[in-house]
């Protein structure tokens, strides 16, 4: 793939309303940029026509509005691929095809758009998915945050499991694929007015490969979920409420990079509620936990996988955390987003 | 993480809990002054590790909680009614309920409200936006005063005309005196706030300890800090002593941080202040002194209104004075939740009600 922007920048260094107007400029943008980056089908039409290998598919969609557009360890482009690919993987599906829709603010530098589109193309390649159709709209300056991206994805299921909170059973072991809090802190560290120097990189990565390997090994996965907005604890609460069960989590078992811990301490944030873009939880029967961990540890994205807790029949709250001191506390869903504290 | 893990280590904490049970012979009521300590206590279940005779009362040391409602209303009014204003605040002020709404709601309605981590970031925003008016909500105890003083002084030195502070600064020692002087006082000892004393030192607590015959132990925020602080306090109480002691020696020196104190004195003057839930306390806060008065948002945007009455269903005053525990308020978890807070103690990161709601069973 060409490393430089394929559009003649000297003429159109920024996105104009005409790039979304349906005329020649829009077609040039699609042809010269999107098709170059994502590839195009000779029979391109209003919709992509695709052959589904089996009768059970997974289908999902997600919108990406991250600010800033580029952050340590990723950007809105790679995020828009990883987010949707991972949502498919959480159903145990092999991700196959994505759509990509762009809402671009007038004035966005063409070079910036190219960087984002290139990043999407690289992310799609590494996640082994194809971007098969899409859409472009341009909104007036001041009506968007540079660019918003929506991706929808289709994946195919090679199993008959019902990977869902309803399949979680008392006694199940709760595994976590890796350390938590990196994505949210990486984005926060580069956000205007909260900038702080750090080496924290987002954990944004595709995780379908380890999930497919777990399934290939014949493991009966009860539930999977990526710990995105609201972080680990919010994700666990969602599953516990849906399953009508209680989870006990061991605080000391949850891996956190020291830099993330330090930044959270400084800002007064709880890393267990900070967003991730690669970390996910896995619920399996106790007898399958060891093999699941071995498989996860063999993949670079999930090399730090560990057991963090167990499913209880009944508890005083959906999620309980056993502190490092041995006492227990409730870990509820937060009312809104976490805010940095005063002192 | 260094300076953290060793203070959350189970064996050391349990050793102190065990030692405490050996020296405690009678009931004692002690107050942790700072909301950060309250959160640590509730989060780690430290109160569950103490002998049953020791009752921890949660104190008023939550800067967000004690900021009077009329200041929240003024902040919202400045942000909403002046399109040129960029209103900057620490994050946890945004959810504090004013009379009708909070700063979050004002932001959603179009006010330019921004969260900053440091007042110096607000100065930077003023520098970069010469055609806008930048107002920073300067709340807090002695801990945040030096940075706020530095921000104003920076603006003064750079002759920035578009920067001001809405000041609602309060001081810990006068509040302790107000609590101890109350006829209903039951506090027998204090865990003083380690970060406040990092700035101010420990000497200003000597006359209070002497006058009211109460032991005061300057204490940190990690579980081991708090247990050690409680141990030092109970040891004094059991021995009939009332000294000022320093558990948080790794940060606090008896004279405090002198350059920070000088900066505070250069910029602020001590005045009476109204505390949310506690009322007016003499000589308990700061305002900008005459040299810096043109940086006072009240001079630019008009004075803050007279004190406004709290919602009678909110028992914030009793909570902040340690007279009731959050779950003993009839509104707790029913009429008052983080989504629909009646008082600031339910929304602040350092509020006692928020700590109980977040970490404890609501029944």
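Residue numbers (the numbering used here), protein chains in the order written: chain U, 5 to 347; chain G, 160 to 522.
Just so you know, even glycine gets a beta-carbon here, dropped at the ideal spot from N, CA and C.
Nothing here was measured: the structure is a model prediction, and the numbers come from that model.
Residue i burial status per 10 Å Cβ neighbour count (16 or more: buried)
i	result
residue 304(U)	exposed
residue 254(G)	buried
residue 365(G)	exposed
residue 422(G)	buried
residue 490(G)	buried
residue 259(G)	exposed
residue 370(G)	exposed
residue 226(G)	buried
residue 306(U)	buried
residue 54(U)	exposed
residue 139(U)	exposed
residue 257(U)	exposed
residue 471(G)	exposed
Contact under 8 angstroms by Cβ, residue i with residue j
i	j	result
residue 279(U)	residue 203(U)	no
residue 328(U)	residue 255(U)	yes
residue 233(G)	residue 292(G)	no
residue 240(U)	residue 323(U)	yes
residue 215(G)	residue 189(G)	yes
residue 142(U)	residue 11(U)	no
residue 213(G)	residue 389(G)	yes
residue 451(G)	residue 230(G)	no
residue 265(G)	residue 235(G)	yes
residue 244(U)	residue 136(U)	no
residue 295(G)	residue 310(G)	yes
residue 520(G)	residue 321(U)	yes
residue 169(U)	residue 273(U)	no
residue 348(G)	residue 396(G)	yes
residue 80(U)	residue 108(U)	no
residue 379(G)	residue 406(G)	yes
Contact set between residue i and chain G, taken where Cβ atoms lie within less than 9 angstroms
i	result
residue 322(U)	Correct list: empty, because the minimum Cβ distance to chain G is about 12 angstroms.
Proximal residues to residue i (C-beta, below 8 angstroms), its chain only, five neighbours per side dropped
i	result
residue 509(G)	193, 194, 195, 197, 198, 220, 221, 222, 223, 224 and 251
residue 131(U)	85, 86, 89, 99, 210 and 212
residue 431(G)	439, 440, 441, 442, 443 and 444
residue 363(G)	332
residue 516(G)	485, 491, 492, 496, 497 and 505
residue 238(G)	244, 246, 262, 265, 266, 270, 271, 272 and 294
residue 268(G)	239
residue 181(U)	211, 214, 282, 283, 284, 285, 286, 300, 305, 306, 308 and 309
residue 279(G)	306, 309, 310 and 313
Within chain U, the residues that residue i reaches when beta carbons sit closer than 9 angstroms
i	result
residue 519(G)	333 and 334
residue 249(G)	343, 344, 345, 346 and 347
residue 298(G)	346
residue 260(G)	None at all; the shortest Cβ gap to chain U is about 15 angstroms.
Distance between beta carbons of residue j and residue i, contact taken as under 8 angstroms
i	j	result
residue 122(U)	residue 41(U)	6 angstroms
residue 238(U)	residue 337(U)	5 angstroms
residue 193(U)	residue 200(U)	5 angstroms
residue 174(U)	residue 249(U)	6 angstroms
residue 446(G)	residue 427(G)	7 angstroms
residue 264(U)	residue 275(U)	6 angstroms
residue 179(U)	residue 283(U)	Contact flag wrong, Cβ pair sits at about 11 angstroms.
Per-residue contacts from residue i into chain U (C-beta, under 8 angstroms)
i	result
residue 169(G)	328, 329 and 330
residue 163(G)	265 and 269
residue 207(G)	331
7 angstroms CB neighbourhood of residue i in its chain, flanking five on each side removed
i	result
residue 288(G)	245
residue 320(G)	none
residue 16(U)	114
residue 412(G)	360
residue 166(U)	none
residue 9(U)	114, 115 and 118
Neighbourhood of residue i by C-beta, 6 angstroms cutoff - its chain only, sequence neighbours within 5 removed
i	result
residue 63(U)	158
residue 154(U)	67 and 105
residue 191(U)	75
residue 202(G)	518
residue 33(U)	23
Chain G residues whose Cβ lies nearer than 7 angstroms to that of residue i
i	result
residue 78(U)	Within chain G, no residue comes near residue 78(U); the closest Cβ sits about 23 angstroms away, beyond 7 angstroms.
residue 272(U)	508
residue 339(U)	497 and 498
Where residue i meets chain G, residues with beta-carbon distance less than 8 angstroms
i	result
residue 262(U)	160
Chain-ordered neighbours of residue i on chain U, where CB pairs are closer than 7 angstroms
i	result
residue 172(G)	329
residue 202(G)	333
residue 175(G)	Under the 7 angstroms cutoff, chain U gives no residues; its nearest Cβ is about 11 angstroms from residue 175(G).
residue 223(G)	346
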